[in-house]
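Undergrad: Those letters in the sequence shown? Residues 1 to 404, by full-length UniProt numbering.
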Amino acid sequence: MTGIDVLVVGAGPAGLAAAVALRQAGIARVVVVERQGVAGGIPRQCGHSPFGMREFGRILSGRRYADRLAEAALAAGVELRLHHSVVAIAAGPVVTVATPDGPATLAPRRVILATGIREATRAARLVSGDRPLGILNTGTLQDQVFLRRSVPFRRPVIIGTELVSMSAVLTCLGAGARPAAIIESGPRSLARAPFRWLPYALRVPVHHGAEIADIRGGRIVEAVTLRLQDGETRSIACDGVLFTGRFTPEAGVARMSGIEIDPATGGPAVDTAGRTSLAGVYAAGNLLRGVETAGWCWTEGRAVARSVAADLAGDAASAAAGIRIEAGDGIRLLMPQRIAAAGRAFEAIQLRLDRPVRGELRVEADGRPVWSRRLSSGPERRILVPLKALPAPAKRLRILVHPV
């Protein structure tokens, strides 16, 4: 595999969209490597809709959407290599890949990382108790129901109220399982209306301000113990526990390669061109900040691909150049983390809050307020600050929230 112009790592929506856009921009040789045996990423595990409206102009199931993405890539002349795992990336860039035929060393002109996300497991959430059958995360549930045609439980307790949690409710009902309860540690559901109303419409109990303290069972799950905010406990009978959300970037390759990791997002720190701290290496999709929709990642993959194509055509601005953006009060994370001196893939800074806020979102340049707007939002909701609204140049940009 010599003479590669761009190596894309990951065959999910962001990676496949980037690969197609590169070919459409005239990049001769684009190779996508994927560690799984099938392309498409997380949507392949989703038997439900809607996917595909912005990409293909029609509503598709997740599996059909994943197929269409892979078909579009092959039709565009993208080389797709399955069962290929990137081990490390060094300066050059030089990429070490584990293939079915043994290790290989590649020297593409540019690399786009699009390795996606993973859900926080029970162990990562530090939930104690027994280890019976029936404890899953959303990805495993989708795989069991839609790919293996198996229903792992009938009365599960669902942990989390993000959009993916509401999707899990529908998956359960479609498979003949009815959730016994939904548990949220915060004071309100994280999904936006009308999705957060779904459990109430279906008469599924929702417990806010509660955390799962214990799981009990022999061969299968029999009950869970909740710890409420006032310190009291409550037991709920069930036959399964479904952990949803709390997505984190799949950034192992980036970490092992010495790429700067943003501590707030858990993914690579990038500038507005999509460049990481390692020259010649870009990043796109959910790797950058956790969960976003497939359509959003598809759009982002295409935008970063255009930035890479411009780079190959002669834009050699340093990855370290540009203005650092700081997160102030109320901001849990932001992305991108730098405004590039040249090149633009992202048209806005994307934010997430650390708590529900009603007040003012403000941007300060060198300590001076330069942009603001009214804000009423909560955690896990996408908030955008348009880059064209910000002044240039400045030495320091800071984004913060002023509650009212």
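Beta carbons are placed, not taken as given, at the ideal position from N, Cα and C, and that holds for glycine. Note that this is a predicted model, so its numbers are computed, not measured.
(1) Since Glu300 is in the alpha helix (DSSP H), which residue starts that stretch and which ends it?
(2) When burial is assigned at 16 or more other CB atoms within 10 Å of the CB, is Ser318 buried or exposed?
(3) Reducing DSSP to helix, strand and coil, say where Thr140 ends up.
(4) Which residues in the same chain as Ala303 place their Cβ atom closer than 6 Å to its Cβ, once the five residues preceding and following it in sequence are excluded?
(5) By alpha-carbon positions, which one of Thr121, Ala124, Ala91 ends up nearest to Ile259?
(6) From Ala120 to Ala279, what does the alpha carbon distance come to, in whole angstroms?
(7) Using 8 Å as the cut-off, can you tell me whether the region 251-269 makes contact with the region 85-99, which would need three or more C-beta pairs spanning the two stretches below that distance?
(8) Suppose contacts are defined by Cβ-Cβ distances below 8 Å. Is Glu300 in contact with Ala14 by that definition?
(9) Quick check: what's the CA-CA separation for residue 480 versus Asp354?
(10) Would you call the CB atoms of Ser307 and Ala348 closer than 8 Å?
(11) What does a CB cutoff of less than 7 Å around Gln229 pick up in its chain, not counting 5 residues either side in sequence?
(12) Measure from the alpha carbon of Leu147 to the alpha carbon of each residue in Gly47, Pro356, Arg68, Ala223, then state which is nearest.
(13) Are the Cβ atoms of Val151 and Gly129 separated by less than 8 Å?
(14) Using CA atoms only, rank isn't needed, just tell me which of Asn137, Val169, Leu226 is closest to Tyr200.
(15) Given a cut-off of 8 Å on the beta-carbon distance, is the pair Leu60 and Ala70 in contact?
(16) So, under 8 Å CB-CB, Val404 and Gly343 are touching, yes? Tell me the CB distance rounded to an integer number of Å.
(17) Beta-carbon within less than 8 Å of Ala320's beta-carbon, same chain only, minus the 5 sequence neighbours each way: which residues are those?
(18) CB Val8 to CB Val38, shorter than 8 Å?
(19) Let me check one thing: in DSSP terms, what residues is Gly217 bridge-paired to?
(20) Can you name, in chain order, every residue of its own chain whose Cβ lies under 7 Å from the Cβ of Ala309, other than the five neighbours on each side?
(21) Can you give me the C-alpha to C-alpha distance between residue 408 and Ala251, rounded to a whole angstrom?
(22) By the three-class DSSP mapping on this structure, what secondary structure does Ile182 have?
(23) Between which two residues does the alpha helix (DSSP H) holding Glu55 run?
(24) Just the C-alpha distance for Leu202 and His84, rounded to the nearest angstrom, thanks.
(25) Does Ala21 come out as helix, strand or coil in the three-state DSSP assignment?
(26) Thinking C-beta only, is Pro132 closer than 8 Å to Cys238?
(27) Can you say whether Arg110 is buried or exposed, counting buried as having 16 or more other CB atoms within 10 angstroms of its CB?
(28) If we ignore side chains and look at the alpha-carbon of each, how far apart do residue 405 and Gly3 end up?
(29) Kindly indicate which residue of Val145, Gly62, Arg29, Val97 has the alpha-carbon position closest to the one of Pro43.
(30) By DSSP, does Met166 sit in helix, in strand, or in coil?
(31) Taking Val38 as part of the alpha helix (DSSP H), name the residues at either end of that continuous run.
(32) Hey, is Arg109's beta-carbon within less than 8 Å of any beta-carbon in chain C?
(33) Enumerated in chain order, which unbroken segments of the alpha helix (DSSP H) with a length of 4 residues or greater are wholly contained in the region 249-293?
(34) How would you write the range of the alpha helix (DSSP H) that Ala75 sits in, first residue to last?
(35) Take Ile331 as the anchor and find which of Ala284, Ala341, Gly285, Arg381 has the nearest alpha-carbon.
(36) Where Glu162 and Glu34 are concerned, what is the direct C-alpha to C-alpha distance, given to the nearest angstrom?
TA: Taking the coordinates as given:
(1) 294-312
(2) With a pLDDT of only 49 at Ser318, under the threshold of 50, the placement of this residue in the model should not be trusted, and no figure is reported.
(3) helix
(4) Ala345
(5) Ala91
(6) 30 Å
(7) Yes, the region 251-269 touches the region 85-99.
(8) Yes, they are a contact pair.
(9) For the chain, the structure presents residues 1 to 404; residue 480 sits outside this window and is missing.
(10) At least 8 Å separates the beta-carbon of Ser307 from that of Ala348.
(11) Gly209
(12) Gly47
(13) No.
(14) Val169
(15) With a cutoff of 8 Å on beta-carbon distance, Leu60 and Ala70 are scored as not near each other.
(16) The Cβ separation is near 37 Å, so there is no contact.
(17) Legend: pLDDT at Ala320 = 49, less than 50; position of this residue unreliable, no value from coordinates given.
(18) It is not a contact, given that the beta carbons lie outside the stated cut-off.
(19) Val221
(20) Leu22, Ala25, Ile27
(21) Absent from the model: residue 408. The displayed extent of the chain is 1 to 404, so no value can be given.
(22) strand
(23) In the DSSP assignment, Glu55 falls within the alpha helix (DSSP H) that extends over 53-56.
(24) The straight-line gap from Cα to Cα measures roughly 43 Å.
(25) helix
(26) no
(27) buried
(28) It is not possible to answer for residue 405, since the shown part of the chain is limited to 1 through 404.
(29) Gly62
(30) Here Met166 sits in helix by DSSP.
(31) Element bounds for Val38: n/a, residue is neither H nor E.
(32) Going by chain labels, chain C is absent from the structure shown, which holds only one protein chain.
(33) 252-256
(34) 62-75
(35) Distance from the Cα of Ile331 is smallest, within the candidate group Ala284, Ala341, Gly285, Arg381, for Arg381.
(36) 28 Å
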